[in-house]
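Asker: Heads up, the sequence shown is in my numbering, so the first residue is 14 and it goes up one at a time.
By construction, the Cβ of each residue, glycine as well, lies at the ideal position given by its N, Cα and C atoms.
Dropping a structure here in structure tokens format, bear with me for questions.
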Amino acid sequence: MDACRRKARTWNQQSPFLLHQDLYGSIYQGGGGQLIPKAAEWKKDRVSVLQDVLTKPGIVGIVDIAGVPATNMLDMRANLRDGMTAIMAKKTLIRRAWSGAGLVENDLEILLDGVVQPMLVHTDQYNAFQLSDELNKTRQGRAAKDGELAPEDIVVEQGETEFAPGPIVGELGAVGIPAKIDKGKVVIQKTTTVVEAGQAIEGDLGMILSKLGINPIEIGLILSGVLEEGTVMPSQSLNIDYDAFRTDVITATSGAFNLACNISWFASETMPTLLAKASGEAFNVAIEAGISNEKTLPIFMSRAHSRALALAGHLDSSALDEELAGMLGAAAQTAAATTESTGEEAAPAAEESEVEEEEEEDGGFGGLGDLFG
14 MDACRRKART WNQQSPFLLH QDLYGSIYQG GGGQLIPKAA EWKKDRVSVL QDVLTKPGIV
74 GIVDIAGVPA TNMLDMRANL RDGMTAIMAK KTLIRRAWSG AGLVENDLEI LLDGVVQPML
134 VHTDQYNAFQ LSDELNKTRQ GRAAKDGELA PEDIVVEQGE TEFAPGPIVG ELGAVGIPAK
194 IDKGKVVIQK TTTVVEAGQA IEGDLGMILS KLGINPIEIG LILSGVLEEG TVMPSQSLNI
254 DYDAFRTDVI TATSGAFNLA CNISWFASET MPTLLAKASG EAFNVAIEAG ISNEKTLPIF
314 MSRAHSRALA LAGHLDSSAL DEELAGMLGA AAQTAAATTE STGEEAAPAA EESEVEEEEE
374 EDGGFGGLGD LFG
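Have a look at this one:
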């Protein structure tokens, strides 16, 4: 026993730095009454990986993955793997890597505000708006658990369900959803608000709602914000209705184009329209002024021809030569054909009108006959 004590004293004198391990597995080295914490190697590795990602070109975002089941998380990450890098880490490790990458710490605090379980994402293929759009595609509903709060009013609509008669009728009634059996199907009797927004979903209600296809708890990769070229953009500013935005751009472009044309603003976009407008106005002026050129002469010749035929129609046929008489005959045949086609189209309408009038008259006389017996 004395020999063991002597060996222990010798070791303590030779090793002034003592090692201590707490209940969580962290190892501390102490000397002279001072404890020096030693970080686990995996934490150092994770900080190193995060720091490498943060120093790469591209944009960085913070995503909240709180409440996402492991199976759903694997599917979401698999779908996003080609477009971005996603690394889960605690806030402390992200802060260390952020500081080590030389980024502004206040920017990170803005991105982490309200985030429960953070995940860092990085991409050099998308801009901030495209990244937000891709992450929004991961949102999906899941069944509510006992005690969770309803994000909005949960309404069960009246109508037929897909369930056959069975215990489901009693289960629905037990959670306040009136149901009955009608024609071999379970039918919801009336539209019912089972839980209002902010209230707790209690008991088996979440399970019953899931059977009805109502999964009110939204899960997904919820983007908190992004950092792009030193600018922090919260997620609220990245949610854009692309259809409405496209419509607004088209409307604004059309209005600007019309304004530019009306004030004769010369640009590459307006010049074709302005030249076409000027050409048409010049042509009309030339016609009214009787200016003869290769474009106006066909119009003048056509007018002269029409006037000549109109004048010839008032003359005696003996005063006309064969060519002019033939022209008049052809014009007369064309006019007659046009009149006949117009008359044929109008005839059915007239006949229908006459039939309707006869029916009205017959109805009226029948009524008088009935009146006088």
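Leaving out five residues on either side along the sequence, give the residues of the same chain with a beta carbon under 7 Å from the beta carbon of residue 59.
Answerer: Within the sequence shown, the letter at position 46 stands for residue 59. So the qualifying residues of the chain are 102 and 106.
Asker: Please state the DSSP three-state secondary structure of residue 320.
Answerer: In the sequence shown, the residue the question calls residue 320 occupies position 307. It is helical.
Asker: For residue 138, which residues in the same chain have their Cβ closer than 6 Å to its Cβ, ignoring the five residues on either side in sequence?
Answerer: As a position in the sequence shown, residue 138 is number 125, starting the count at 1. Cβ within range, chain order: 96.
Asker: Would you list, in sequence order, the uninterrupted alpha helix (DSSP H) runs of no fewer than 4 residues that lie entirely inside the region 169-224?
Answerer: Listed in chain order, the complete alpha helix (DSSP H) runs (minimum 4 residues) inside the region 169-224 are 181-187 and 218-224.
Asker: Is DSSP giving residue 81 helix, strand or coil here?
Answerer: Stepping through the sequence shown from its first residue, residue 81 is reached at position 68. The answer is coil: DSSP assigns residue 81 none of H, G, I, E or B.
Asker: Between the Cα of residue 243 and the Cα atoms of 211, 304, 272 and 120, which residue gives the shortest distance?
Answerer: For this step, residue 243 is matched to residue 230 along the sequence shown. Considering only alpha carbons, the answer is 120.
Asker: State the start and end residues of the unbroken beta strand (DSSP E) segment that holds residue 226.
Answerer: One-based indexing of the sequence shown puts residue 226 at position 213. Per DSSP, residue 226 belongs to no beta strand (DSSP E) and is neither H nor E.
Asker: Which of the three DSSP states, helix, strand or coil, is assigned to residue 131?
Answerer: Locating residue 131 in the sequence shown gives position 118, where the first residue counts as 1. Reduced to three states, the DSSP call for residue 131 is strand.
Asker: Within 7 Å: the Cβ of residue 180 and any heavy atom of the ligand FAD?
Answerer: In the structure shown, the ligand FAD is absent, as is every other ligand, since no ligand is present at all.
Asker: Out of 160, 268, 211 and 92, state which residue places its alpha-carbon closest to the alpha-carbon of residue 217.
Answerer: Position 204 of the sequence shown, counting from 1, holds the residue named residue 217. Of 160, 268, 211 and 92, the residue nearest in Cα terms is 160.
Asker: Could you work out which residue in 177, 157 and 70 is closest to residue 140 when comparing CA atoms only?
Answerer: Reading the sequence shown from its first residue, position 127 is the one you call residue 140. It is 70 whose Cα lies nearest to the Cα of residue 140.
Asker: Assess, as a yes-or-no matter, whether the region 122-133 is touched by the region 156-176 under the definition of 3 or more beta carbon pairs within less than 8 Å.
Answerer: Short answer: they don't touch.
Asker: Under three-state DSSP, which class holds residue 164?
Answerer: Numbered from its first residue, the sequence shown carries residue 164 at position 151. Residue state, collapsed to three classes: coil.
Asker: Around the Cβ of residue 229, are there at least 16 other Cβ atoms within 10 angstroms (buried) or fewer (exposed)?
Answerer: As a working mapping, residue 229 is identified with position 216 in the sequence shown. Its Cβ being crowded by 16 or more others within 10 Å, residue 229 is buried.
Asker: Ignore the nearest five residues each way along the sequence and tell me which others in residue 156's own chain have a CB closer than 6 Å to its CB.
Answerer: By one-based count along the sequence shown, residue 156 stands at place 143. The residues are 219, 223 and 228.
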